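Peer 1: Encoded as structure tokens, here's the structure I'll be asking about.
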Amino acid sequence: MDSQKQRISILGAGLVGSLLSIFLAKKGYSVTIFERRSDMRKAGAIGGRSINLALSRRGLKALEAVGLKEKVQESCIPMPGRMIHDLEGNLSFQPYGKEGQFINSVSRGGLNELLMSEAEAHGVEIRFNHKCEEVDFDTATAHFENGEKVSADFLFGADGAFSALRSAMQKTDRFNYTQEYISAGYKELTMPPTANGDFALDPNALHIWPRGEYMLIALPNLDKSFTCTLFFPFEGKISFEAIKTEDDVQQFFESKFKDALPFLPELKTEFFENPTSSLITVRCKPWVKGNTALIGDAAHALVPFYGQGMNAGFEDCFVFNELLEKHGAINPALLAEYEALRIPDGNAIADLALYNFIEMRDKVADPMFVLQKKIEKRLNELFPKKWVPLYTMVTFSDFRYSEAHALGKKQQAIMDQVLAQPNIEENWEGLDFDEIVGRL
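Its first residue numbered 1, the sequence shown is counted upward by one per residue in full-length UniProt numbering.
See below:
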């Protein structure tokens with residue numbers, strides 16, 4: 001591999017751009033990242049907010065491949081399941097998988113800083129305050145707002161849902177692109193540690209207050225706080241638009257999230273001061289043009305409801321690295337295979353993430369959903385190779401997202417038939433589990 005001579009430009013020093021740069025630097029490429037913002041490691045660059053993410057098997061596998069899994073896990077909090085809070089404040093725990101399986105709450109900012117510093121330690125140069133305005137695909141040349149033009153042997157767009165590289169591709173012939181905003185937005189709220197310095201809630205769970213058309217969730221942080229996120233319609237009778245005063249906020253939380261309210265001391269201030277953000281799904285094809293390629297959210301932005309946005313982007317990097325080992329160089333054969341593998345998987349996880357919003361805000365509170373989980377758990381215990389629950393396939397396995405999506409649809413159709421049987425709540429333990437698996 002003549003990677004020594006090859007210069008790679010990456011747009012975006014976020015999670016995916018930074019990880020990709022480490023993979024490539026370890027292969028001997030000369031890598032420069034161009035980031036439109038200033039260096040978040042210097043105080044105040046990101047406004048001091050920490051958003052946390054769910055890190056699971058796919059992301060950990062990619063981190064392990066660059067030797068960072070243990071280092072990252074030191075700053076993770078394991079969450080083996082969901083803690084459901086009903087209107088009265090009663091709790092019910094729903095495990096994500098088998099005993100010992102968990103997802104991890106990790107700080108986006110902390111992880112990003114670690115990856116940037118690791119990239120620099122591997123010889124990657126990161127140039128901040130470089131906003132890309134246009135791209136020449138054949139010469140892998142990026143034109144920046146400051147007048148600089150930088151050419152490379154290859155250029156990656158890891159610059160997120162509003163990617164400059166993808167924007168340039170959108171102006172070219174036969175480029176397919178869709179974007180879709182959901183009707184809900186989100187707002188972050190802070191649940192600080194209690195007066196005696198402890199977590200306000202059980203830290204080893206992802207907390208959900210499911211309320212039909214909307215929900216509140218909470219993920220634990222290392223400083224014993226929780227980051228809460230309210231996913232809520234923008235418009236309508238119960239919506240961001242409808243809540244106009246501090247009294248409205250107080251009354252709404254008292255009636256819908258009363259067990260969370262005592263732990264949200266800054267609620268009234270944060271509700272009006274913190275931004276209300278929108279949620280977008282992006283799909284496009286092709287991901288490769290000339291000597292440029294899209295990766296991560298630039299190629300497939302997801303809504304956050306499966307906790308797979310970062311994991312999917314990290315898996316892009318892992319797959320690209322495996323293809324680089326197979327092909328020996330970034331060449332047309334590698335790029336064709338990268339697209340053929342990852343576009344169907346990007347589309348599948350986009351669909352799954354949209355569906356999971358309905359599951360989280362609505363179905364987790366439904367007794368039939370809880371029963372389905374019990375039946376699927378039994379099927380998985382009896383036939384661990386044949387019946388793998390969809391959540392397990394997505395979060396804890398090496399199934400391709402597209403395979404998991406297709407198999408999940410088949411399993412759901414079977415479960416719909418099973419749950420439609422009369423008196424299933426009382427009689428489910430007497431089901432013919434052999435026969436059910438035989439339908440797959």
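Where a beta carbon is used, it is the ideal one built from N, C-alpha and C, also for glycine. Computed from a prediction, not measured in an experiment: that's the story for all the values here.
Where does Ala-333 land, buried or exposed, given buried means 16+ other C-beta within 10 angstroms?
Peer 2: So Ala-333 counts as exposed.
Peer 1: Mind checking Ala-195: buried by the 16 CB within 10 Å criterion, or exposed?
Peer 2: With fewer than 16 Cβ atoms within 10 Å of its Cβ, Ala-195 is classed as exposed.
Peer 1: Specify the secondary structure class of Arg-36 as computed by DSSP and reduced to three states.
Peer 2: Looking at Arg-36 - three-state DSSP - the assignment turns out to be coil, as it is neither helix nor strand.
Peer 1: What whole-angstrom Cβ distance do Thr-292 and Leu-165 have, given they're in contact under 8 Å?
Peer 2: Contact holds; Cβ gap of about 6 Å.
Peer 1: Give me the Cα-Cα distance between Phe-369 and Phe-162, rounded to the nearest whole angstrom.
Peer 2: Taking the straight line joining both Cα atoms gives about 36 Å.
Peer 1: Could you name each continuous alpha helix (DSSP H) segment of 4 residues or more that falls completely within the stretch 385 to 433, going from the start of the chain to the end?
Peer 2: You should have 390 to 396, 401 to 419 and 424 to 427.
Peer 1: Going by DSSP in three states, Arg-440 sits in which element: helix, strand or coil?
Peer 2: With the sequence shown as reference, residue 440 is identified as Leu, and Arg is not the correct amino acid for it. Note: Leu-440 maps to coil in three-state DSSP.
Peer 1: Where do the N-terminal and C-terminal ends of the beta strand (DSSP E) with Thr-292 fall, by residue?
Peer 2: Start and end: 292 to 294.
Peer 1: Kindly list the residues whose CB is nearer than 6 Å to the CB of Met-393, restricted to its own chain and excluding five residues on each side of it in sequence; keep chain order.
Peer 2: These residues qualify, in order along the chain: Phe-399 and Ala-404.
Peer 1: Closest to Gly-185 by C-alpha separation, out of Lys-27, Asn-380 and Ser-277, would be which residue?
Peer 2: When each option's Cα is compared against that of Gly-185, the closest is Ser-277.
Peer 1: Measure the C-alpha to C-alpha separation of Ala-45 and Gly-109 and round it to an integer number of angstroms.
Peer 2: Caution is warranted here: a pLDDT of 43 is assigned to Ala-45, below 50, making its placement in the model unreliable, and no coordinate value can be reported.
Peer 1: Taking only three categories from DSSP, how would you classify His-122?
Peer 2: DSSP places His-122 in coil when its eight states are reduced to three.
Peer 1: If you draw a straight line from the alpha carbon of Asp-434 to that of Ile-217, how long is it in whole angstroms?
Peer 2: Asp-434 and Ile-217: Cα-Cα distance of roughly 37 Å.
Peer 1: According to DSSP, what are the bridge partners of Trp-209?
Peer 2: Answer is Leu-216, bridged to Trp-209.
Peer 1: Does the stretch 126 to 135 touch the stretch 263 to 276, meaning 3 or more C-beta pairs lie closer than 8 Å?
Peer 2: Not touching, per the Cβ criterion.
Peer 1: Per DSSP, what kind of secondary structure is Ile-343 in: helix, strand or coil?
Peer 2: Helix.
Peer 1: For Phe-253 and Glu-148, I'd like the C-alpha separation in whole angstroms.
Peer 2: Each residue's alpha carbon lies about 51 Å from the other.
Peer 1: With a CB to CB cut of under 6 Å and the five nearest residues on each side skipped, what residues in its chain are close to Lys-69?
Peer 2: Answer for Lys-69: Leu-60 and Leu-63, listed in chain order.
Peer 1: What would DSSP say about Ala-13, mapped onto helix, strand or coil?
Peer 2: In the structure shown, Ala-13 sits in coil (DSSP, three-state: anything other than H, G, I, E or B).
Peer 1: Measure the alpha-carbon distance for Pro-286 versus Pro-78 and round it to whole angstroms.
Peer 2: Roughly 37 Å between the two C-alpha positions.
Peer 1: Within this structure, are the beta carbons of Leu-279 and Ile-208 separated by less than 8 Å?
Peer 2: No, these two residues do not count as a Cβ contact at 8 Å.
Peer 1: Which same chain residues, not among the five before or five after Gly-48, have their C-beta less than 7 Å away from its C-beta?
Peer 2: The pLDDT assigned to Gly-48 is 39, lower than 50, so where the model puts this residue is not dependable; a value taken from the coordinates is nonetheless given after this. None.
Peer 1: State the start and end residues of the unbroken alpha helix (DSSP H) segment that holds His-327.
Peer 2: That run of the alpha helix (DSSP H) goes 309 to 327.
Peer 1: Taking the C-alpha atoms as reference points, what is the distance between Pro-210 and Gly-14?
Peer 2: Answer to the nearest angstrom: the Cα atoms are 31 Å apart.
Peer 1: Going straight from the alpha carbon of Lys-374 to that of Asp-153, what length do you get?
Peer 2: The straight-line gap from Cα to Cα measures roughly 53 Å.
Peer 1: When you compare the stretch 337 to 349 with the stretch 360 to 368, are there three or more beta-carbon pairs, one atom per stretch, that lie closer than 8 Å?
Peer 2: Segments in contact, no.
Peer 1: What three-state label does DSSP hand Gly-160 in the structure shown?
Peer 2: Residue state, collapsed to three classes: coil.
Peer 1: Keeping to the same chain, check which residues put their C-beta closer than 8 Å to that of Ala-51; ignore five residues upstream and five downstream.
Peer 2: According to the sequence displayed, residue 51 carries Ile and not Ala. So the qualifying residues of the chain are Ser-107, Arg-108, Gly-109, Glu-188 and Thr-227.
Peer 1: Below 8 Å on the Cβ atoms is my contact criterion, and I expect Ala-142 with Phe-34 to pass it. Report the Cβ-Cβ distance as a whole number of Å.
Peer 2: Going by Cβ atoms, the distance from Ala-142 to Phe-34 rounds to 6 Å, so yes, they are a contact pair.
Peer 1: If you draw a straight line from the C-alpha of Ala-306 to the C-alpha of Thr-190, how long is it?
Peer 2: Note that residue 306 corresponds to Tyr in the displayed sequence, not to Ala. Whole-angstrom Cα-Cα distance: 22 Å.
Peer 1: Taking Pro-367 as the reference, give the member of Ser-402, Leu-419 and Ala-348 with the closest Cα.
Peer 2: Of the candidates Ser-402, Leu-419 and Ala-348, the one whose C-alpha sits nearest the C-alpha of Pro-367 is Leu-419.
Peer 1: Rounding to the nearest angstrom, what Cα-Cα distance links Ala-365 and His-85 in this structure?
Peer 2: Rounded to the nearest angstrom, the two C-alpha atoms are 9 Å apart.
Peer 1: Would you kindly check if the distance between the Cβ of His-122 and the Cβ of Phe-144 is under 8 Å?
Peer 2: Contact: no.
Peer 1: Provide the residue(s) that pair with Pro-233 in DSSP beta bridges, ordered along the chain.
Peer 2: According to DSSP, which records beta bridges pairwise, Pro-233 is partnered with Ala-184.
Peer 1: Within 8 Å, do at least three Cβ pairs link the stretch 226 to 245 to the stretch 166 to 173?
Peer 2: Counting Cβ pairs under 8 Å, fewer than three are found: no touch.
Peer 1: Glu-376 to Ala-158, Cα distance in whole Å?
Peer 2: So the alpha carbons of these two residues sit roughly 38 Å apart.
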